[in-house]
Amino acid sequence: MKHTKSIAAYEAAKRVIPGGVDSPVRAFKSVGGTPPFIERGDGGYLFDIDGNRYVDYVQSWGPLILGHCDPTVEAAVFETARRGLSFGAPTTLETELAEEIVSLFEAVEKVRFVNSGTEAVMSAIRLARGYTGRDDIVKFKGCYHGHSDSLLVQAGSGATTFGSPNSPGVPADFAKHTLLADYNNIESVKACFEASDNIACVVIEPIAGNMGLVPAEESFLQELRALCDTHGALLIFDEVMSGFRASLTGAQGLTSVRPDLVTLGKVIGGGMPVGAFGGRAEIMDKLSPDGPVYQAGTLSGNPVAMAAGLATVRQLRADGAVYEILQMRAERLVNGLKAAAEENGIALQVDVRGSMFGFFFNDKPVKNFDDALASDTERFAAFHRAMLDRGFYFACSQFETGFISTKTNDAMIDETIRNAKEVFGAL
Ligand code: KE4
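Numbers 240 to 666, taken from this note's numbering, label the letters of the sequence shown in order.
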């Protein structure tokens, strides 16, 4: 594959944009090489500015579940944009998308739209702190909830549960209010509640997608729910990635546990910038202007983004079999990759939740972040580079999740597996 134009574009970008990218993962640091600059998408494919075509398993990190340039979504965007891009005033489109979400997510009676997943989780945490009057929060190692200060926190040194910043610019005074627990380990959560009687909420990706794909065990979620109830802390399900991806109702469709607040993003914007957070009315009504917890946004609920999200969600709702087909295709892919790897003596842990798939170069099942970190990231990088060169665009980190869109068909998947077989052989 030629990458002449992407290489030049990357140099130009780096002169005026930090790292040449507007989000760090796009710089391909953990897999090496020049990130292809994309010219266009079409269905299940991406095309870069050198004219190379890729089967797209990233889909903008989740939003493009209907593939690129879906005619219905595009028509909705063009039609709405013709009437104006943004008014900073209420429109009925916001109510319509809110009604869709309320009708699907049992835990949600009211929802507020924002412009990113980061904003959704940041606002949900402020609401939980305002509602409970408490300052501390619990998050899990390996879960990512966007880049707001309270969440850029890593485990403190040693066994302490209190967090320390994992980025310069986050004051230790902020980070100390974030306690860290281990995913799928209820004892580590109990330790947090023993360490602080001031916990406002526990925030979790009920299906973790940011350490690779690591679903929470049902028993763990049930114990987590009970623990939050015992201590009067709110349980926040961060479904920015899993919402409308693991099932039509995200993780909620796969677990009996119901959170107090849910955050959404990605798919509900259909490719346009949207985030959302929702929950019981008695919690949500604490938000300004009716309540004292302040939260706001110039472009929150803007009509074009609402139209893209509505067109996407309504298509997914209308097609009763869509998630069954997406899951079948995801399983076809990962089972094919696993068989191809094992034929070549390579251990691959694979998992699927609806249209989400993950694979770890690891000889043991991955249940938490420490397990994930034990994966062979060098081998992942070599696999990623080789597959990219053959026209298959996987997430550029072992600690990400892959996606199947409605336009990712069996022929693409079988072609992927055939190429992976050769790549594993060369690894
Ligand atoms: P955004 O602010 O990137 O829209 O959403 C933050 C966020 C919140 N919660 C979860 C569960 C998420 O997965 C994300 C964002 N996910 C990453 C991909 N792993 C976005 C890609 C990127 O950072 O460029």
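Beta carbons: idealized from backbone N, C-alpha and C, even for Gly.
Quick caveat: nothing in here was measured; it's all calculated off a predicted structure.
Q: Tell me where the alpha helix (DSSP H) around Leu332 begins and ends.
A: Here residue 332 refers to the residue found at position 93 when the sequence shown is read from its first residue. Per DSSP, Leu332 belongs to the alpha helix (DSSP H) from Thr331 to Leu343.
**Q.** Distance CB(Gln554)-CB(Phe344) smaller than 8 Å
**A.** Within the sequence shown, residue 554 is the residue found at index 315, counting from 1. Within the sequence shown, residue 344 is the residue found at index 105, counting from 1. Between Gln554 and Phe344, the gap from beta carbon to beta carbon reaches 8 Å or more.
**Q.** Close-in-space but distant-in-sequence residues of the same chain around Gly489 (CB under 7 Å, 5 per side omitted)
**A.** In the sequence shown, the residue the question calls residue 489 occupies position 250. Glu478, Ser481, Gly482 and Phe483, listed in sequence order.
Q) Contact check, Phe694 vs Arg618 under 8 Å by CB: the rounded distance? A) No statement about residue 694 is possible, as the shown extent of the chain runs from 240 to 666 and does not include it.
Q | Range of the contiguous alpha helix (DSSP H) that encloses Tyr249 | A | Along the sequence shown, read from residue 1 onward, the residue named residue 249 stands at position 10. Start and end: Thr243 to Val255.
Q. DSSP on Asp281, reduced to helix/strand/coil?
A. Sequence index remark: in the sequence shown, residue 281 carries index 42 (1-based). Note: Asp281 maps to strand in three-state DSSP.
Q) Considering Gln588, what are the terminal residues of the beta strand (DSSP E) in which it resides? A) As a first step, residue 588 is located in the sequence shown; it is residue number 349 there, counting from the start. Unbroken beta strand (DSSP E) run through Gln588: Gln588 to Arg592.
Q.
With a threshold of 6 Å on Cβ separation, who are the neighbours of Ala434 within its own chain once the five nearest residues in sequence on each side are excluded?
A. Taking the first residue of the sequence shown as 1, we reach residue 434 at position 195. Taken in chain order, the residues that qualify are Thr400.
Q) Can you give, in chain order, each stretch of the alpha helix (DSSP H) that sits fully within the stretch 561 to 616 and has at least 4 residues? A) Within the stretch 561 to 616, the complete alpha helix (DSSP H) runs of at least 4 residues are 561 to 582 and 608 to 612.
Q: Determine the extent of the beta strand (DSSP E) in which Ala439 is found, giving its start and end residues.
A: In the sequence shown, residue 439 corresponds to position 200, counting from 1. If you look at Ala439, you'll find it in the beta strand (DSSP E) that goes Ile438 to Ile443.
Q | Top-ranked residue by Cα proximity to Glu570, from Val591, Cys467 and Leu418 | A | The residue you call residue 570 lines up with position 331 of the sequence shown. The shortest Cα separation from Glu570 among Val591, Cys467 and Leu418 belongs to Val591.
Q.
Contact defined as beta carbons within less than 8 Å: I believe Gly540 pairs with Gly509. What is the distance between those atoms, to the nearest angstrom?
A. If you number the sequence shown from 1, residue 540 lands on position 301. If you number the sequence shown from 1, residue 509 lands on position 270. Their Cβ separation, rounded to whole angstroms, is 14 Å, which puts Gly540 and Gly509 out of contact at 8 Å.
Q. Would Gly514 pass as a contact of Glu333 if the rule is Cβ separation under 8 Å?
A. Walking along the sequence shown from the start, residue 514 turns up at place 275. Walking along the sequence shown from the start, residue 333 turns up at place 94. Cβ atoms of Gly514 and Glu333: not closer than 8 Å.
Q | Touch test, the stretch 404 to 423 against the stretch 495 to 511, Cβ-Cβ under 8 Å, three pairs minimum | A | In this structure the stretch 404 to 423 does not touch the stretch 495 to 511; the number of beta carbon pairs closer than 8 Å is below three.
Q) Residue range of the alpha helix (DSSP H) that Arg556 falls in? A) In the sequence shown, the residue the question calls residue 556 occupies position 317. For Arg556, the uninterrupted alpha helix (DSSP H) run begins and ends at Pro542 to Ala557, by DSSP.
Q | In chain order, each beta strand (DSSP E) run of at least 3 residues that lies wholly inside the stretch 471 to 551 | A | Within the stretch 471 to 551, the complete beta strand (DSSP E) runs of at least 3 residues are 473 to 477, 500 to 504 and 514 to 518.
Q) With distances taken between CB atoms, is the gap from Arg365 to Ile438 smaller than 8 Å? A) Along the sequence shown, one-based indexing puts residue 365 at 126. Along the sequence shown, one-based indexing puts residue 438 at 199. Between Arg365 and Ile438, the CB-CB gap reaches or exceeds 8 Å.
Q: Kindly indicate which three-state DSSP category Thr319 falls into: helix, strand or coil?
A: Taking the first residue of the sequence shown as 1, we reach residue 319 at position 80. Note: Thr319 maps to helix in three-state DSSP.
Q. The ligand KE4 heavy atoms versus the CB of Thr331: any closer than 7 Å?
A. The sequence position of residue 331 within the sequence shown is 92, counting from 1. False, no ligand heavy atom lies under 7 Å from that Cβ.
**Q.** DSSP-derived helix/strand/coil call for Thr417
**A.** On the sequence shown, residue 417 is found 178 positions in, with the first residue counted as 1. In the three-state DSSP reduction, Thr417 falls in the strand class (E or B).
Q) Counting pairs of beta carbons, one from the stretch 521 to 530 and one from the stretch 629 to 641, are three or more of them closer than 8 Å? A) Verdict: no, contact absent.
Q. What is the residue span of the alpha helix (DSSP H) that Val297 lies within?
A. If you number the sequence shown from 1, residue 297 lands on position 58. Unbroken run through Val297: none, as it is neither H nor E.
Q: With a 10 Å radius around its C-beta and 16 neighbouring C-beta atoms as the bar for buried, classify Ser486 as buried or exposed.
A: The residue labelled residue 486 in the question sits at position 247 within the sequence shown. Within 10 angstroms of the beta-carbon of Ser486 lie 16 or more other beta-carbons, which makes it buried.
Q. Whole beta strand (DSSP E) runs in the stretch 342 to 383 with 3 or more residues, listed along the chain?
A. Listed in chain order, they are 349 to 353 and 375 to 379.
(Q) Can you look up Phe287 in the DSSP assignment and give me helix, strand or coil? (A) In the sequence shown, residue 287 corresponds to position 48, counting from 1. The amino acid at residue 287 is misidentified as Phe; the sequence shows Asp. Shown here, Asp287 sits in a strand according to DSSP, grouped into three states.
Q: Let me know if Asp281 comes out buried or exposed under the rule of 16 or more other beta-carbons within 10 Å of its beta-carbon.
A: Translated into the one-based positions of the sequence shown, residue 281 becomes position 42. Exposed, since its Cβ has fewer than 16 Cβ neighbours within 10 Å.
**Q.** Beta-carbon contacts of Arg279 that lie in its chain and below 6 Å, excluding the five residues immediately before and after
**A.** As a working mapping, residue 279 is identified with position 40 in the sequence shown. Excluding positions up to five away in sequence, the list reads Phe286.
Q) Anyone know if the C-beta pair for Gly301 and Asn648 falls short of 8 Å? A) Taking the sequence shown and counting its residues from 1, the one referred to as residue 301 is at position 62. Taking the sequence shown and counting its residues from 1, the one referred to as residue 648 is at position 409. In this structure, Asn648 does not lie closer than 8 Å to Gly301 by Cβ.
Q. Roughly how many angstroms lie between the CA atoms of Ala196 and Pro542, to the nearest whole one?
A. The structure shown does not extend to residue 196, since the chain is modelled only from 240 through 666, so no value can be given for it.
Q | Where the alpha helix (DSSP H) containing Gly664 begins and where it ends | A | What you label residue 664 is simply residue 425 of the sequence shown in a count that begins at 1. Element bounds for Gly664: Asp649 to Ala665.
Q) From the DSSP output, which residues share a beta bridge with Phe631? A) Along the sequence shown, read from residue 1 onward, the residue named residue 631 stands at position 392. Answer is Val294, bridged to Phe631.
**Q.** Straight-line Cα distance separating Ala546 from Thr331
**A.** The residue labelled residue 331 in the question sits at position 92 within the sequence shown. The residue labelled residue 546 in the question sits at position 307 within the sequence shown. When the Cα atoms are used, Thr331 and Ala546 turn out to be separated by approximately 10 Å.
Q. If you drop the 5 nearest sequence neighbours on each side, which residues of the same chain put their C-beta closer than 6 Å to that of Met450?
A. For the purposes of this step, residue 450 is identified with residue 211 of the sequence shown, where counting begins at 1. So the list reads Gly381, Phe608, Ala611 and Phe638, once near-sequence residues are dropped.
Q. Does the beta carbon of Glu426 fall short of 7 Å from some heavy atom of the ligand KE4?
A. The residue given as residue 426 occupies position 187 in the sequence shown. Glu426 Cβ: outside cutoff for every heavy atom of the ligand KE4.
Q. What three-state label does DSSP hand Val264 in the structure shown?
A. Walking along the sequence shown from the start, residue 264 turns up at place 25. When DSSP states are grouped into helix, strand and coil, Val264 belongs to the helix group.
Q: May I have the straight-line CA-CA distance separating Ala659 from Gly271, to the nearest angstrom?
A: As a working note, residue 659 is residue 420 in the sequence shown. As a working note, residue 271 is residue 32 in the sequence shown. C-alpha separation (whole angstroms): 19 Å.
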